[in-house]
Amino acid sequence: QANGQFSPAPALVNINDCLVHNCGVHGACRDVEEPTNNPENNYVCDCHDGYETQLNVNGEKRCRNINDCPARHGCYDHGSCTDLLKSYKCECDEGFEQVPESQEGNVTCAPIICGVPEAASNTSHKF
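Our numbering puts the sequence shown at residues 546 to 672.
Set out below in structure tokens:
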């Protein structure tokens, strides 16, 4: 102003950020009504069940499959974990098979049992 005083800053205007961002095919973009100083925080992704918001290499939000492979002891070092939608499976090493680990649907790799040994009729050997 001519008197040396600063004019008040104009109010922020909300721009619908979903016009230039989308969350991919597994979710929907929702604009944040109160804008912030960070454009990446001006929208959120409402992801489908089994998906979560993750940032891509450009810093944009996308709905991606949640990695269900256990972070520790997945398949107990006798196989590799393959992530599925809301689940996972173990690709077990030779001599091992996928078996249930708990009531929650977790699985792991365990040795394949080829049968029950017959009862020993000769007990002359001591172990």
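All C-beta atoms in this analysis are idealised placements derived from N, C-alpha and C, irrespective of residue type, glycine included.
Predicted, not measured: the structure shown is a model, and the values here were computed from it.
Buried/exposed call for residue i, threshold 16 Cβ in 10 Å
i	result
G624	buried
V652	buried
P553	exposed
G572	buried
G650	exposed
S549	Note that residue 549 corresponds to Gly in the displayed sequence, not to Ser. Label assigned to G549: exposed.
G660	exposed
G640	exposed
Rounded distance between the beta-carbons of residue j and residue i, thought under 8 Å
i	j	result
K606	C568	6 Å
For residue j and residue i, the rounded distance between their alpha carbons
i	j	result
P615	V644	15 Å
R617	I658	25 Å
Y596	Y633	14 Å
T577	C635	The question names Thr, but residue 577 in the sequence shown is Val. Their backbone Cα atoms lie some 40 Å apart in a straight line.
L630	C592	13 Å
T627	D638	13 Å
P580	V602	23 Å
S647	Y588	39 Å
A655	I611	25 Å
N559	N582	11 Å
Nearest to residue i (by Cα), restricted to the options the options
i	options	result
R609	N603, C590, C626	C590
P584	A655, N561, G660, V661	N561
D622	G604, E642, D613	E642
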